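Q: Residue numbers (this note's numbering): 354 to 672. Note that CB positions come from ideal geometry on N, CA and C, so glycine has one too. If you're wondering where the values come from, they're calculated on a predicted model, not measured in any experiment. What follows is a structure written as structure tokens; I'll ask about it next.
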């Protein structure tokens with residue numbers, strides 16, 4: 354098997370990983386809604402990362418996965434874990450107390466733009482004019498959907514808007530930094546350290562809140578609900594652990610700017626999930642926005658599609 358074919362196969366796996374990641378994250382909003390009917394936001398995050406850490410630790414203890422962990426690697430991963438999940442989820446949770454989820458959706462649609470700019474500056478990633486325009490096209494598709502739903506950013510909620518914007522910047526920063534670190538740190542090791550830090554941060558925050566309110570004895574009460582257990586298993590195992598692993602893997606093989614634009618597919622899957630499972634309305638503007646988003650994602654990765662096709666054609670010509 355030639356190096357060109359190997360490269361094509363690797364990229365195929367990377368794209369498969371990021372598409373599965375988008376599906377998991379898209380459906381996580383449904384399970385997040387279920388969990389939040391039982392537990393407070395900080396409790397949900399704390400329990401989510403507790404479950405995630407347990408799921409990540411079991412194969413390590415059984416010897417199925419070996420972590421190549423050195424002190425200098427932990428120090429290198431620490432800024433990454435501060436950005437995601439710590440800052441990303443913390444800013445998001447507190448921002449949503451003032452801003453609406455729809456406003457958050459509009460602001461988070463800009464993440465690929467921030468990622469493209471940051472990747473160009475810090476990683477020297479080059480993007481073509483088509484990729485730049487396609488990324489903006491994908492962003493416009495998401496914003497179009499939210500605006501047609503009657504949503505606009507309310508600047509009177511400036512605190513919430515600013516916190517959501519910081520959450521978006523944290524996610525963009527994570528994409529760029531993860532892309533850089535995966536060249537020298539194993540993906541599973543990186544994901545495990547991120548999970549440990551998420552566990553520590555959100556459990557400390559949630560426990561601190563309960564201590565301040567004198568309700569620490571109620572910390573694990575949500576687990577008495579079967580609905581909460583099912584939701585938190587999805588959020589902890591799939592949406593936190595597996596999605597981080599898939600994202601880190603994709604970023605180890607693909608440019609950050611190309612991976613980031615796939616976040617918009619999660620928006621589409623979230624809308625489809627709401628339509629199928631929650632009987633939410635599916636309007637004409639959802640379909641138009643979806644078409645625009647998909648066109649943008651394809652355009653942003655146009656160079657990769659062409660290179661893969663050329664590699665396959667070259668391989669076939671040598672047979």
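What is the DSSP secondary structure of residue 450, counted as helix, strand or coil?
A: As a first step, residue 450 must be located in the chain shown, where it is residue number 97. Residue state, collapsed to three classes: coil.
Q: When you compare each of 391, 385, 405 and 470 to residue 352 by their alpha carbons, which one comes out closest?
A: Not covered by the structure: residue 352. The range shown for the chain is 354 to 672.
Q: Got a sec? Which residues, its chain only, sit under 8 Å from residue 301 by beta carbon, not counting five neighbours each side?
A: Because residue 301 is not part of the residues shown, which for the chain are 354 to 672, the question remains open.
Q: For residue 663, count neighbouring Cβ atoms within 10 angstroms of its own Cβ and tell me buried if that reaches 16, exposed if not.
A: As a working note, residue 663 is residue 310 in the chain shown. In this predicted model, residue 663 has a pLDDT of only 45, less than 50, meaning its place in the structure is not dependable enough to derive any value.
Q: Among 512, 614, 414 and 397, whose alpha-carbon lies nearest the alpha-carbon of residue 562?
A: Locating residue 562 in the chain shown gives position 209, counting from the first residue. The shortest Cα separation from residue 562 among 512, 614, 414 and 397 belongs to 397.
Q: Determine the direct distance from the alpha carbon of residue 391 to that of residue 653, and round the result to whole angstroms.
A: Position 300 of the chain shown, counted from the first residue, corresponds to residue 653. Position 38 of the chain shown, counted from the first residue, corresponds to residue 391. So the two alpha carbons sit approximately 40 Å from each other.
Q: Can you find the residues in the same chain that come closer than 6 Å, C-beta to C-beta, to residue 374, ignoring five residues on each side of it along the sequence?
A: As a first step, residue 374 must be located in the chain shown, where it is residue number 21. For residue 374, where only same-chain residues beyond five positions count, the Cβ hits under 6 Å are 596, 599 and 600.
Q: Could I get the ranges of all uninterrupted alpha helix (DSSP H) runs contained in the stretch 565–593, with 4 residues as the minimum, in chain order?
A: Listed in chain order, they are 579–586.
Q: Using the C-alpha atoms, what's the distance from residue 402 back to residue 483?
A: For the purposes of this step, residue 483 is taken as residue 130 along the chain shown, with counting starting at 1. For the purposes of this step, residue 402 is taken as residue 49 along the chain shown, with counting starting at 1. Looking at the two C-alpha atoms, the distance is approximately 39 Å.
Q: Does residue 471 come out as helix, strand or coil in the three-state DSSP assignment?
A: Residue numbering aside, residue 471 sits at position 118 when the chain shown is read from its first letter. In the structure shown, residue 471 sits in a helix (DSSP, three-state: H, G or I).
Q: Quick one: grab the DSSP three-state call for residue 512.
A: Within the chain shown, the letter at position 159 stands for residue 512. It is helical.
Q: Just the Cα atoms here: how many angstroms apart are residue 420 and residue 639?
A: What you label residue 420 is simply residue 67 of the chain shown in a count that begins at 1. What you label residue 639 is simply residue 286 of the chain shown in a count that begins at 1. Going from the Cα of residue 420 to the Cα of residue 639 covers about 43 Å.
Q: Counting Cβ pairs closer than 8 Å, one from the stretch 364–372 and one from the stretch 512–527, do we hit at least three?
A: Cβ pair count under 8 Å is below three, so no.
Q: Are the beta-carbon atoms belonging to residue 379 and residue 491 less than 9 Å from one another?
A: Sequence index remark: in the chain shown, residue 379 carries index 26 (1-based). Sequence index remark: in the chain shown, residue 491 carries index 138 (1-based). The answer is no: Cβ separation not under 9 Å.
Q: Quick check on residue 403: does DSSP put it in helix, strand or coil?
A: Position 50 of the chain shown, counted from the first residue, corresponds to residue 403. In the structure shown, residue 403 sits in a helix (DSSP, three-state: H, G or I).
Q: For residue 391, report the span of its alpha helix (DSSP H) as first-last.
A: Position 38 of the chain shown, counted from the first residue, corresponds to residue 391. Per DSSP, residue 391 belongs to no alpha helix (DSSP H) and is neither H nor E.
Q: Please say whether residue 540 and residue 610 have beta carbons closer to each other than 9 Å?
A: If you number the chain shown from 1, residue 610 lands on position 257. If you number the chain shown from 1, residue 540 lands on position 187. Against a cut-off of 9 Å, the Cβ pair of residue 540 and residue 610 comes out as no contact.
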